[in-house]
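Engineer: I have a structure here, written as structure tokens, and I will follow up with some questions on it.
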Amino acid sequence: MRRRTWPLVVAFLALLAAGCSRFEAEEAEGPEPAHVEPIEGSEVARVTLEEYGAERIGLRTAPVEERGDRLVVPSAAVLVDPEGRFWVYTNPEGLVFVRHEVRVISDDGGRAILADGPPPGTRVVVVGAQELWGAESGVGH
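Heads up, the sequence shown is in this note's numbering, so the first residue is 9 and it goes up one at a time.
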């Protein structure tokens, strides 16, 4: 590189660094997209999203269905923890979510067949469950 271009490169990098630090500061000052509150006597927590947090992750829910004596949820709703246990996030009210352990029997073309889980009609998260898990477990903090 020629000597005359170095001052331009240095000026560009300084502007870029200033812009990045300003962005980080603005982002840090805003409200948290999720609030986590431990549920006493439980290993799970209540995750409450701000409206913009739900929009940002594209949150979607679907009801638990009943098929004979089995419960059915979209496979996308089911998460597996490091110990091999299966979970879904229920949506008891508004933008509140609580992790619920389930027992999966099988997967039938995008539908998880459960032996045990939330009651039929309960809304479970099908898009955004991983982000809720991250918020609950403190990933990124």
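Glycine included, each C-beta is placed from N, C-alpha and C at the ideal position. What you are looking at is a predicted structure, and each value in this text was computed from that prediction instead of being measured.
What residues match up with Pro71 in a beta bridge as DSSP calls it?
Structural biologist: Arg131.
Engineer: Rounded to whole angstroms, what's the CA-CA distance from Leu79 to Val132? Just pull it up for me.
Structural biologist: For Leu79 and Val132, the distance between alpha carbons rounds to 12 Å.
Engineer: Give every residue of the same chain whose Cβ lies closer than 6 Å to the Cβ of Leu57, excluding the five residues on either side of it in the sequence, and list them in chain order.
Structural biologist: Excluding sequence neighbours, Leu57 sits near Ala42 and Leu103.
Engineer: Would you report the Cα separation of Ser145 and Ala137, rounded to the nearest angstrom?
Structural biologist: Taking the straight line from one Cα to the other gives about 12 Å.
Engineer: According to DSSP, what are the bridge partners of Ala42?
Structural biologist: Looking at the DSSP assignment, Ala42 forms a beta bridge with Leu57.
Engineer: Do you know whose CA, among Ile65, Ala53 and Ile47, lies nearest Val134's CA?
Structural biologist: Looking at the Cα atoms, Ile65 is the closest of the given residues.
Engineer: Measuring CA to CA, which of Ala120, Ser83, Ala62 and Thr130 is closest to Glu139?
Structural biologist: Minimum Cα distance to Glu139 is reached at Ala62.
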